Amino acid sequence: MYRTHTCGELRPAHIGQTVTLAGWVHRQRDHGGVTFIDLRDRTGLVQVVGDPNLPEVSAIQDARNEWVLQVTGMVRPRPAGAENPNLVTGAIEVAVQKCVVLNPAKPLPLAVNTDETVDENIRLKYRYLDLRRERMYNNIVLRHNVVKFIRDYLSERGFLEIETPMLFKTTPEGARDYLVPSRLQPGTFYALPQSPQQLKQLLMVAGFDRYYQIARCLRDEDLRGDRQPEFTQLDLEMSFVERDDVLAVGEGLFTAMVQEILPGKRLLASPWPRMTYTESMERYGNDKPDLRFGMELHNLSDILAASEFMVFQNVLKNGGVIKCIVAPGCADYTRKEVDELTTFSKEQGAKGLATLALTAEGVKGTAQKFIKPAEVEAIQTRTGAQTSDLVLFIADSKPVANKTLSALRLLFRDRLNLADPNVLAFAWVLDFPMFEYNEEDKKWDAAHHPFTMPKMEDLPKFETDPSQILSDAYDMVLNGYETASGSIRIHRSDIQQKVFQLLGLKDEEIQSKFGHMIEAFQFGAPPHGGMAPGIDRLIMLFAGEPNIREVIAFPKNQAGRDVMADAPSPASEKQLRELHIKLDLPEEK
RNA sequence: GAUCCCGUGGUGUAGCGGCUAACAUGCGGCCCUGUCAAGGCCGAGAUCGCGGGUCCGAAUCCCGUCGGGAUCGCCA
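123 is the number of the first residue of the first sequence in this note's numbering; add one for each residue after it.
Written out as C-alpha cells, the structure is:
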C-alpha cells in the first residue's frame, strides 16, 4: 500500500495519527536544520517537516521540485503562529519519520507550481506537466463534473446512453470527412462521424425514444480557438416531441447545472430569452448574440433615405442597408483610432466606415457634413445615442453590414468591458432558414442539415422560393457562442426526398448515400427531434477560458498537430501496402 | 488560399541602431532549526528562431523562411 491518506484530506482531527502519503514535491524550503516540503497530490497540499530530531531526513533535504515521494510521519499541530490560513491543511503538518524517493525528477521545462503564462507550444509538448498545474486541473475536474451532471440528469429523466460507431459512412453534405481506409475491402473508406446524426435518428426509428451520448465528433476543417478537429457533443434525441419539448430539456439541464456546479456564475434570465433567427440578425448582426450587453444594431435606411451622401445613396439604390451601432463614451476617439476601426471594418468585408461623434462641442466625425441636424436628431431618438457617444455606420449589403457591425460590437464589448464575465446569457435562436444558396457551386445547401424538418406551412415554397422556407431548427447560444444546435427532424420519406432533390442530389446518389435513411423512414419512423450541445465550448465559457484547448486534456494546435506525440506522422511502407494506398504528394518547394 | 501579431538563458520578461545583452524565477554550490513565492552569499546558463540584405556597426531596420497565435475563407 503506497498511502493511507491523501495530502488534501488531513485536518486537526488526524493529529496524533501516523499517516503515509505519496505525492509530488510542490515546493521545498530548507532552513539548514528543519526542512519543509509542500507535498502535492490531486487533492491538495500538505506541509511535511523534516526535523533534525527525527530520523530519515536526508531524502527530504535532497528532494527537488516534482520528485515523487512516499512520506510516513505523525500528524501534529503546527506551532502557534506558524499556521497557514491559505491552506486547507494549514493547521497541521506531518513530521517525517520515513521518506522514500519513489522517483526523482529532472528540472522541468515549465513551472508547475506557478500560474505564470508559458508559451503554448511548450505547454502542449509537455501537456502531462501542464496538466499538473492548478488551472488545468480545475478545468479537467470541471469537465468531469459537467459530464457527470449531464449523465445523472438525463438518466433520471429516462434517457438511455447508447454508443454509436466511429467507423461509419461518408456523406456528401457538410464538413470535410476524415477518411479511414478499409484493409478488408481495398479501395473503400469509412468516414469518422461528423456527428452521430443519422445514427441517433435511426435509434428513434428503433423505438429508444430518449437517447443521449457524450459523443466525439470529427470534422476535417481549419481550426479556431473554439474549433478542434475532434470535439465532444452531448448528442441528444427524443421521439414524439415538438420543438418546445426539446428546448425544455436543454433549458432544464443547463439551468440546473449552473445552479448546482457553478456557484460563481449566474444566469442572465430564466426562462431564457428566445428570438427568431431574423430578429437576431437584425438586432445583433449574427445568429449567436452575446446578450450580456446592449449596443444593438439599428437600421437607419429610412432616416437616411434622402441623405446627400453619395455612398449612402448608392448603397440604398442597390438594395443595401445603412445600419449603425453606438459606442458609449467614445466620441473623443482620435483620427487614428477611427482609422483603426475602419481598417477592422474592411477586414470584415465592409467597404468603409462612417462615424458621427456626439461631442460636447457639437457633432463631428466623417459623416458629419453629410448628415443634416434633423437626421442626427432622428438617429439619436432611434438609437438613444447621447453626448459623448460615437455612432458607427456601415452602409453595405445587409449581410456585410450585419457581419461588420456584429464584429465591431464584440470589439467594443472587449475594449469597454461591457460584458460581465460571471453572467451566463443563455438564449434560444429559433426558425432558421432551411436552405442557403451557394453562389460558388450555384446550388442550394442545407443551412442546418438535410434531415431538418421544414415548417409545414412552408412546404409549398419548395416549388416557388426555397430561400423563404423556414425550418424547425434552433440554436442554443451563450455569451456570443453557438453552444448547441438542433432541430425537429423529417420523419416522412416523401419530405426527405424533396429536400434531397432540392439539394441537387441525384436519385442514385440519394440511394447510395442515404438509402438506409429513406428506407428506415418507411418502416414506421416516429416524429422526433433533438439537439447537440458542444461540451468543449460550454466548459470553456463556464471556466472563463479564452479557447477550448484549455478545457481539453490533449488538444491539437492550430495546424491540427499533436505536438506532444508529433501526430500526424507518415505511415510505414508496410501499412500503406496493406491498405493498397500509393502516395501522390505535392512537389516540395 | 489570405491578412495581422509574436519569436531574446530552462521558464517569464526588459532592451528596439553603438552592450561585455539586463531583471526575475529555475538550476548548481555554500550558509541558515519554523518557513510557506523562505532568506543570505557565490556560480553556471542566451552567438537574441533560421537565412540573406542595409549600415562603420543589427537582438534592434528591410526581405525571405520556419514555428506559434488571432482573424477572413472554410466549419451541413
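Backbone N, C-alpha and C define an ideal beta-carbon position, used for all residues, glycine too.
What you are looking at is a predicted structure, and each value in this text was computed from that prediction instead of being measured.
When you compare only the Cα positions, how much space is there between residue i and residue j?
i      : j      : result
LYS711 : GLU404 : Summary for LYS711: the model assigns pLDDT 41, below 50, so the residue's position carries little reliability, and this model does not support an answer.
ASN235 : HIS148 : 6 Å
GLU131 : ILE262 : 20 Å
THR503 : LYS445 : 15 Å
HIS153 : VAL170 : 14 Å
TRP146 : ARG273 : 33 Å
ASP542 : ILE383 : 19 Å
SER691 : MET662 : 29 Å
LEU552 : GLN150 : 57 Å
ASN243 : LEU251 : 13 Å
ASN421 : PHE431 : 17 Å
VAL498 : ALA428 : 13 Å
TYR124 : ILE137 : 20 Å
HIS613 : GLU401 : 28 Å
LEU340 : LYS635 : 19 Å
ILE632 : GLU641 : 11 Å
ALA675 : HIS266 : 11 Å
ASP706 : SER317 : 30 Å
THR128 : LEU224 : 16 Å
PRO677 : LYS291 : 25 Å
GLY506 : ALA449 : 11 Å
ASP367 : LEU530 : 36 Å
MET258 : ARG249 : 10 Å
GLY296 : VAL621 : 15 Å
MET397 : PRO572 : 23 Å
PHE548 : PRO411 : 10 Å
Any heavy atom of the ligand HEM within a distance shorter than 7 Å of the CB on residue i?
i      : result
PRO294 : Inclusion of the ligand HEM in the displayed structure is not the case, the ligand content being empty and no account of it being possible.
Tell me where the beta strand (DSSP E) around residue i begins and ends.
i      : result
TYR596 : 595-600
ARG151 : 140-152
PRO655 : 650-655
SER519 : First-last for SER519: undefined, no H or E at that position.
ASP567 : 565-568
ASP160 : 157-163
THR310 : Careful: THR310 lies outside any beta strand (DSSP E) and carries neither H nor E.
GLU604 : 603-610
LEU475 : First-last for LEU475: undefined, no H or E at that position.
When you compare each of the options to residue i by their alpha carbons, which one comes out closest?
i      : options                        : result
LEU306 : PRO708, ASP706, LEU707, HIS702 : HIS702
SER180 : VAL443, GLY166, ILE159         : ILE159
LEU540 : GLN618, GLY682, MET417         : MET417
ASP567 : GLU561, MET575, PHE557, PHE573 : PHE557
GLN323 : PHE415, LEU478, GLY652, ALA496 : GLY652
GLN680 : PRO134, THR574, ARG346         : ARG346
GLU483 : PRO582, SER510, LYS564         : SER510
GLN319 : VAL380, GLU285, PRO308         : GLU285
ARG164 : ASP173, ARG254, LEU480, PRO555 : ARG254
ARG414 : ILE336, ASN544, LEU463, PHE492 : ASN544
THR211 : ARG133, ARG198, GLN350, PHE362 : ARG133
VAL443 : ALA227, GLU562, VAL433         : VAL433
Around the Cβ of residue i, are there at least 16 other Cβ atoms within 10 angstroms (buried) or fewer (exposed)?
i      : result
GLY656 : buried
GLU359 : buried
ARG659 : buried
TYR559 : exposed
LEU532 : buried
HIS638 : exposed
THR157 : buried
LYS525 : buried
PRO582 : exposed
THR605 : buried
PHE362 : exposed
GLY172 : buried
Locate the alpha helix (DSSP H) running through residue i, then write down its first and last residues.
i      : result
VAL268 : 256-278
PRO576 : Premise fails: PRO576 is in no alpha helix (DSSP H) and is neither H nor E.
GLU630 : 629-642
PHE557 : Counting along the chain, PHE557 falls outside any alpha helix (DSSP H), though it belongs to the beta strand (DSSP E) covering 557-560.
SER615 : 615-624
>> My parser needs the beta strand (DSSP E) runs of 3 or more residues fully inside the segment 169-242; what are they?
In response: 190-199, 214-225
> Which runs of the beta strand (DSSP E) fall wholly inside the segment 401-469 and span at least 3 residues, in chain order?
Replying inline: 443-449
> Enumerated in chain order, which unbroken segments of the alpha helix (DSSP H) with a length of 4 residues or greater are wholly contained in the segment 361-404?
Replying inline: 365-383
> Which full runs of the alpha helix (DSSP H) of 4+ residues lie inside the segment 670-703, going along the chain?
Replying inline: 695-700
> What runs of the beta strand (DSSP E), each 3 residues or longer, lie entirely inside the segment 288-356?
Replying inline: 301-303, 311-313, 332-340
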